[in-house]
Each structure stands twice: as structure tokens, then as C-alpha cells.
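Report on the structure given below.
Protein chains: 2
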Amino acid sequence: MLRLSRGVEYAMRGLIYFVSQPEERVIPLSEISESECIPKSFLVKIFQVLLKRGIVKSVRGLDGGFILAKSPRNINLLDIIEGIDGPLSAFYDCHRDSCKKEDNEICPIHNAYKEGIDKLSDVLRNHSIEEIART
Amino acid sequence: MLRLSRGVEYAMRGLIYFVSQPEERVIPLSEISESECIPKSFLVKIFQVLLKRGIVKSVRGLDGGFILAKSPRNINLLDIIEGIDGPLSAFYDCHRDSCKKEDNEICPIHNAYKEGIDKLSDVLRNHSIEEIART
DNA sequence: CATTAAAAGACTGAAAAGGTCTTGTTTATA
DNA sequence: TATAAACAAGACCTTTTCAGTCTTTTAATG
Numbered sequence: 001m002l003r004l005s006r007g008v009e010y011a012m013r014g015l016i017y018f019v020s021q022p023e024e025r026v027i028p029l030s031e032i033s034e035s036e037c038i039p040k041s042f043l044v045k046i047f048q049v050l051l052k053r054g055i056v057k058s059v060r061g062l063d064g065g066f067i068l069a070k071s072p073r074n075i076n077l078l079d080i081i082e083g084i085d086g087p088l089s090a091f092y093d094c095h096r097d098s099c100k101k102e103d104n105e106i107c108p109i110h111n112a113y114k115e116g117i118d119k120l121s122d123v124l125r126n127h128s129i130e131e132i133a134r135t
Numbered sequence: 136m137l138r139l140s141r142g143v144e145y146a147m148r149g150l151i152y153f154v155s156q157p158e159e160r161v162i163p164l165s166e167i168s169e170s171e172c173i174p175k176s177f178l179v180k181i182f183q184v185l186l187k188r189g190i191v192k193s194v195r196g197l198d199g200g201f202i203l204a205k206s207p208r209n210i211n212l213l214d215i216i217e218g219i220d221g222p223l224s225a226f227y228d229c230h231r232d233s234c235k236k237e238d239n240e241i242c243p244i245h246n247a248y249k250e251g252i253d254k255l256s257d258v259l260r261n262h263s264i265e266e267i268a269r270t
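Below you can see the structure in the form of C-alpha cells.
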């Protein structure tokens, strides 16, 4: 219900791999897959999402691969989590109305939960993958 | 991955039902089930968990039912969420070691996530069922 | 002793998560 | 220009979790 999904974890480990390289270069997923013990085909799927999100750029063809689309200082954990699993805000919408349709506004239960999720978002937004990689 | 489960939502609505009564009394789950449009047998299961957690007390037999075990001011959202779905801390343990077993300590990714979850916990702990019911 | 309600836990169906497979397309280079 | 390495896209499959049901048992009360 609240755990970091495998997809997100793999995405982060994949991105950290770029940061931890001595120099910037195009890296094929086969390399990351082997080094990080992440199933190749799953990693491919994840990076295709990161590509659409503008977090990485792809280079096709022989000697192709991926490269970070922006500075690792500007890639934060929230970007990655929401990129892979969708917006956190999707998780405090209320089911109650399916039964009682009086009001459309968010119910007090989910409102309190929203407050917590917002705090969580703040924390995640304030950690870049560069910072994580350094730690 | 991050949403409030049905079980938790039903638990909260069930508990709020007690708070919103004019006077304190033993309430059978059949009444809450009907009033709140919650499947009876599911609600039963949820209240058995709340019972074990010391949040409600049960009264068996004819005219039996449940009653809050403590003041609604002292029942917070975190109690309920963790009571039903298990401790939030379970959601930042790392899978990485299944591949690389060098270290046992929490990895930087999950460490950052833990910081966020701790903030979320704080917020949830600071909202009581009584407060939610009043809102 | 019939009725009503909780207690306990096995069981089931549906949905989501995690992962694989297949069939392309692109492109450097031998 | 054929080939091999790599991304692109999406169908497909398997496992786990979630949500909910069913059955049997225990207990209280009129």
C-alpha cells in the first residue's frame, strides 16, 4: 500500500549508475542490467517511461544507449516515483461517493491523508539523485 | 502503491460512526454495515483486527456489538492504518541485497524514502478520529 | 433453547505488480 | 550493404495482493 515499487527502485538504481560513472557517456541498458542485477527487459520498459518523462535521452543503433537528459542535481525522487507509478495525488481520492453521492468534495479522512502525502512529496522533491548517489 | 486501502477506509468510517452517535452505546456491525454501505462480512473482519489492536471492545451475544475501547481523541489515523495494513516501516526495506549482499544497512534510496514516510507518519499521528468526525 | 451477534479462518475472484517475449526500427562499422 | 547491437512498442504471462464471501463455532439473553 505504501512501498516503493520495484519499477521505481530499478529506475533509481539505473539513474544512479549514470551519476557514479567517472565521465558522462552513453550507456547501453545491457551494461546497467548486468551490473545492477536488474532484468534487462524490465529495465528497458522502465527507461522508455523515463525517456517520455524527459529524464533521459536515448541514442539508437550500434553503440547506442541512454544518457541523462538533465543535470542529476535537477532529477529528484518525486520526479522518478511519479514518472513511473503516476502522481501521488491519485491516492487520496475517496470511494465513499459510490454509495452516498451528496457531495463531491474530498472527505475529511482523505483530506487528512492528503496532508500527509503532501509532506511526503516535499521530502522526496528535496532529494536529488545526485545527492543520493553521493551518499 | 500509496493509496489508502479499502480496509482502512472502512475502518475509519466505522469508527467515525461511533463518534457521531448522540450517546455512547454498543453498536452491532449490521447497523454500521447498512448505514455506511460497507459489506458486512468484510467489516466483521476489519473489526476483529481493530479488536486485537485494542481500538474497540466487543460484546457478544444478543444485543452485542462493538464499542470504542478508548476516547476517540486518543485514536489516531496512524493507529488505524498500521493496525489494518501493518507498519509503514515495512515499506522502506531494500531489495538490493538479494543481488549484492555486501552490506545490511538501509540504502540511500530507501533512506530518503524513510524520511518522507516518517513525515507522513507524524501527520497521521496528529489527526484523531474525533477530529476527523467533527470536520 | 431459539435467536442474535461476535470469533476465527478457509476460500475465491479480480486486479495490480512484476516480468517476459516478439516483432519491429535505427545506425555504426566491418 | 549485411550485420550486430541497441532502442521502441506492445502483447502476453505469472505471481501476489486486495477485496470480499462463506462456514462453523462460541457466547449472551429473553
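Residue numbers (my numbering), protein chains in the order written: chain R, 1 to 135; chain Z, 136 to 270.
Cβ coordinates follow ideal geometry from the N, Cα and C atoms, glycine included.
It should be emphasised that the depicted structure is a prediction, and the values quoted were computed from it without experimental measurement.
When rounded, the separation of the alpha-carbon atoms in residue 217 of chain Z and residue 26 of chain R is 44 Å.
Judged by beta-carbon spacing, residue 77 of chain R lies beyond the 8 Å limit of residue 254 of chain Z, meaning their Cβ atoms are not closer than that value. Only residues of its own chain outside the window of five on either side were considered, and among them 133 have a CB closer than 6 Å to the CB of residue 20 of chain R, listed in chain order. An exposed status is given to residue 195 of chain Z, since fewer than 16 other beta-carbon atoms sit within 10 Å of its beta-carbon.
Just so you know, the alpha carbons of residue 116 of chain R and residue 245 of chain Z end up roughly 18 Å apart. Linking residue 112 of chain R to residue 72 of chain R through their CA atoms gives a straight-line distance of about 33 Å.
Excluding its 5 nearest sequence neighbours in each direction, residue 186 of chain Z has C-beta neighbours in its own chain below 6 Å: 193, listed in chain order. The Cβ atoms of residue 180 of chain Z and residue 165 of chain Z lie no closer than 8 Å to each other.
Under DSSP, residue 56 of chain R takes part in a beta bridge, and its partners are R/68.
Taking a Cβ-Cβ cut-off of 7 Å, the neighbours of residue 119 of chain R in chain Z comprise 254, 255 and 258, given in sequence order. Here residue 137 of chain Z is buried, its C-beta having at least 16 other C-beta atoms within 10 Å. Spanning the alpha carbons of residue 38 of chain R and residue 143 of chain Z requires a straight line of approximately 34 Å. The beta-carbon of residue 243 of chain Z is placed less than 8 Å from the nearest beta-carbon of chain R.
Only those residues of the region 14 to 38 of chain R whose C-beta falls short of 7 Å from the nearest C-beta of chain Z are listed: 37. Bridge partners of residue 111 of chain R according to DSSP: none are assigned. Annotation: residue 169 of chain Z to residue 224 of chain Z spans about 34 Å, alpha carbon to alpha carbon. Residues of the region 193 to 221 of chain Z that bring their beta carbon within less than 8 Å of a beta carbon in chain R comprise 212 and 220, in sequence order. Counting along the chain, residue 220 of chain Z sits inside the alpha helix (DSSP H) bounded by residues 212 to 220. Taking 8 Å as the cut-off, the Cβ atoms of residue 214 of chain Z and residue 140 of chain Z do not count as close. Listed along the chain, the chain Z residues whose CB falls inside 8 Å of the CB of residue 3 of chain R are 136, 225, 226 and 227. Take residue 197 of chain Z, set aside five residues on each side of it, and no residue of its chain has a beta-carbon closer than 6 Å to its own.
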